[in-house]
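In our numbering, the protein residues as written are 13 to 331. Ideal placement from N, C-alpha and C gives every residue a C-beta, glycine not left out. Predicted, not measured: the structure shown is a model, and the values here were computed from it. Here the structure is laid out as structure tokens; the discussion comes afterwards.
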């Protein structure tokens with residue numbers, strides 16, 4: 013059974029099923045973690061090729077991330093949750109986003125079995141576009157040379173696309189993760205081509221911010237989501253169909269000796285209650301690292317300085 017939903021014209025399909033498309037299916041495959049500029053280039057070329065050939069554009073991705081299945085102790089954190097990835101993908105005018113469950117059994121498929129049984133027999137692809145470093149099949153043994161051979165055998169077209177470079181090096185999710193952990197938000201934003209989002213449900217906190225005069229919303233976040241290094245960040249928050257600016261604190265609040273990592277946001281022009289709502293915070297800039305203060309008053313004074321600094325830069329993001 014096909015489970016699908018449609019968002020901004022893009023059909024989201026859960027699982028690889030026979031589609032019997034009315035037009036030729038032009039497909040790309042990958043994790044697309046973060047949907048960075050390299051990914052965007054692939055999608056744009058995919059859409060262009062589909063339009064030129066009168067086909068439908070489709071993107072095939074997987075959940076969970078293969079490394080989380082094959083290396084469960086590796087503690088891989090992702091740039092985008094599945095929901096965030098789909099939210100980003102629907103902005104690029106794809107016809108289909110196909111999300112297939114990645115399991116140990118699925119990982120054992122050979123390159124030939126994957127192409128023959130899933131891409132040819134199920135999806136009936138006309139063309140497969142892949143990135144410069146794409147590998148597929150058991151142990152990632154399939155490469156573009158084998159893909160070309162399979163394309164000849166099963167009568168579809170295989171195309172390989174060039175890398176998108178930043179400072180003469182290919183943009184990669186790994187490099188973006190490392191930059192995020194170093195609080196290099198400028199590089200992260202440039203490489204992503206969009207602001208880095210953190211999405212979560214508003215939960216109850218300790219209400220310490222309110223006592224200091226800076227009421228915050230506390231966000232629950234996915235255990236799979238990569239957070240930037242602990243510290244204070246300037247953010248833009250989508251809430252109740254409105255945009256607000258604010259300060260996000262990520263960390264354990266060492267001034268108060270909390271043990272668990274938390275994400276909380278002080279919104280500059282909002283003081284309502286939004287418990288249980290889903291909010292998305294886009295990280296705009298790094299302000300400072302996390303610090304333990306002598307007392308609550310010293311922390312309050314620092315927050316005032318953080319707010320003044322962020323206010324001085326708001327013109328960069330207000331349109």
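When the Cα atoms are used, what is the spatial distance from residue i to residue j?
i: residue 258; j: residue 49; result: 26 Å
i: residue 162; j: residue 127; result: 8 Å
i: residue 13; j: residue 35; result: Reliability of the predicted coordinates at residue 13 is poor, the pLDDT of 38 falling under 50, and the value obtained from them is presented with this limitation in mind. Roughly 21 Å separates the two Cα atoms.
i: residue 316; j: residue 236; result: 32 Å
i: residue 171; j: residue 94; result: 26 Å
i: residue 132; j: residue 146; result: 18 Å
i: residue 144; j: residue 173; result: 6 Å
i: residue 61; j: residue 138; result: 11 Å
i: residue 168; j: residue 130; result: 13 Å
i: residue 242; j: residue 304; result: 12 Å
i: residue 196; j: residue 202; result: 10 Å
i: residue 77; j: residue 310; result: 43 Å
i: residue 323; j: residue 211; result: 23 Å
i: residue 152; j: residue 312; result: 52 Å
i: residue 92; j: residue 102; result: 14 Å
i: residue 261; j: residue 182; result: 31 Å
i: residue 79; j: residue 88; result: 7 Å
i: residue 124; j: residue 164; result: 13 Å
i: residue 178; j: residue 331; result: 26 Å
i: residue 249; j: residue 326; result: 13 Å
i: residue 302; j: residue 107; result: 43 Å
i: residue 66; j: residue 29; result: 22 Å
Just tell me which of the options has its CA closest to the CA of residue i.
i: residue 118; options: 177, 272, 283, 81; result: 81
i: residue 252; options: 209, 287, 57, 177; result: 287
i: residue 37; options: 232, 307, 69, 79; result: 69
i: residue 285; options: 107, 111, 231; result: 231
i: residue 296; options: 280, 281, 238, 209; result: 209
i: residue 21; options: 328, 99, 256; result: 99
i: residue 247; options: 44, 328, 273, 175; result: 328
i: residue 213; options: 325, 256, 275; result: 275
i: residue 45; options: 184, 65, 109, 63; result: 184
i: residue 121; options: 178, 249, 250, 150; result: 150
i: residue 318; options: 300, 326, 255, 306; result: 300
i: residue 43; options: 29, 216, 96, 86; result: 96
i: residue 256; options: 306, 240, 279; result: 279
i: residue 105; options: 115, 84, 114, 57; result: 57
i: residue 306; options: 289, 320, 176, 265; result: 265
What is the C-beta distance between residue i and residue j, in whole angstroms, given that I count them as a contact (C-beta under 8 Å)?
i: residue 291; j: residue 228; result: Not quite, the Cβ-Cβ distance comes to about 12 Å (not below 8 Å), so this is no contact.
i: residue 52; j: residue 205; result: 6 Å
i: residue 233; j: residue 294; result: At roughly 14 Å, the Cβ-Cβ gap does not stay under 8 Å, so residue 233 and residue 294 are not in contact.
i: residue 134; j: residue 72; result: So it is not a contact: roughly 11 Å between Cβ atoms.
i: residue 245; j: residue 298; result: 6 Å
i: residue 39; j: residue 140; result: 5 Å
i: residue 109; j: residue 24; result: 5 Å
i: residue 400; j: residue 215; result: Coverage of the chain is limited to positions 13 through 331, which leaves residue 400 absent and any answer about it impossible.
i: residue 114; j: residue 148; result: Not really, about 12 Å apart at Cβ, beyond 8 Å.
i: residue 238; j: residue 90; result: 6 Å
If you follow the alpha helix (DSSP H) that residue i is part of, which residue opens it and which one closes it?
i: residue 254; result: Looking at the DSSP string, residue 254 is not in any alpha helix (DSSP H); the run it does join, the beta strand (DSSP E), is 254-263.
i: residue 172; result: Counting along the chain, residue 172 falls outside any alpha helix (DSSP H), though it belongs to the beta strand (DSSP E) covering 169-172.
i: residue 311; result: 308-325
i: residue 89; result: It is not in any alpha helix (DSSP H) - residue 89 carries neither H nor E in the DSSP assignment.
i: residue 67; result: Here residue 67 belongs to no alpha helix (DSSP H); instead the beta strand (DSSP E) covers 67-75.
i: residue 190; result: 185-193
i: residue 203; result: 197-204
i: residue 81; result: 78-82
Would you kindly report the start and end of the unbroken beta strand (DSSP E) that includes residue i?
i: residue 164; result: No beta strand (DSSP E) holds residue 164; the alpha helix (DSSP H) holding it covers 156-166.
i: residue 40; result: 36-41
i: residue 209; result: 208-215
i: residue 25; result: 22-26
i: residue 294; result: 290-301
query = Is the region 150-160 in contact with the region 184-192, if contact means three or more CB pairs nearer than 8 Å?
reply = no
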